[in-house]
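To keep things clear, I will list the structure first and then write my remarks on it.
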Amino acid sequence: MNRLFPVLGVIVLTAACSGDVASTPVPTQPGSFAPPTVVETFTGTVSILGTDSHPFNVPVPGEVDVTLTRIEPATDTSAPPAAGTALTLAIGLPSQTVLGSCATVQSVSATPSSTPQIKGHALASAFCVSVTDPGNLTDSISYTVTVAHP
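Mapping the sequence shown onto my numbering, position 52 (from 1) lands on 63, and the numbers just tick up by one.
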């Protein structure tokens, strides 16, 4: 299920309004998107009903794959998450108004997997990935997320 993240249309429209379209080529065919060549690994902790996010940059238009690969107890005394515990995995844009906040573009309910839970195409820009407890945790957890991009 490859698709252009919905917010990217806004980015293209913003560029068109600013007159920078000629200096910023925008790919129009799926073949013009670069495959992922870089894999960034992010780790963190999410508390009950909490959120954690990490910024990353996509330097050229291309495929972006986001994978929640691991969740486990945050400390030796933390309760382990129940089997099948789902978290909300999201990709978005770093907030310009709230430092450390990630404005969601696309999100999914995800359990750890080796298969990307979010796949799509992105234009060159700054993005962020976030992990949120939608109310399923009984204790804090540690997680690992990978982001593959050009």
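For glycine and all other residues, C-beta sits at the position ideal for the given N, C-alpha and C.
As the structure is a prediction and not an experimental result, all values here were calculated from the model.
Asked: Reduced DSSP secondary structure (H/G/I, E/B, other) of P36; Found: With a pLDDT of 40 at P36, under the threshold of 50, the modelled position of that residue is not reliable, and no figure is offered here.
Asked: Bounding residues of the beta strand (DSSP E) (the contiguous stretch that carries F138); Found: S136 to T143
Asked: Supposed contact pair V142 and V57 - C-beta distance, whole angstroms, cut 8 angstroms; Found: 5 angstroms
Asked: C-beta atoms of V75 and A135 nearer than 8 angstroms; Found: no
Asked: One or two residues paired with T54 in a DSSP bridge; Found: T155
Asked: Length of the line joining the Cα atoms of T48 and G131; Found: 15 angstroms
Asked: Closest Cα partner of I82 within the set A101, F138, G61 and A97; Found: A97
Asked: As assigned by DSSP and simplified to three states, the class of S118; Found: strand
Asked: Exposure label - L60; buried when at least 16 CB within 10 Å; Found: exposed
Asked: Reference S124; option with closest CA among T54, G95, A85 and G55; Found: G95
Asked: Secondary structure, beta strand (DSSP E): runs of 3+ residues fully inside the stretch 59-131; Found: 62-69, 73-84, 98-105 and 113-121
Asked: Beta-carbon proximity list for L104, same chain, < 8 angstroms, skipping 5 on both sides; Found: V18, C113, A114, V116, S136, A137, F138 and C139
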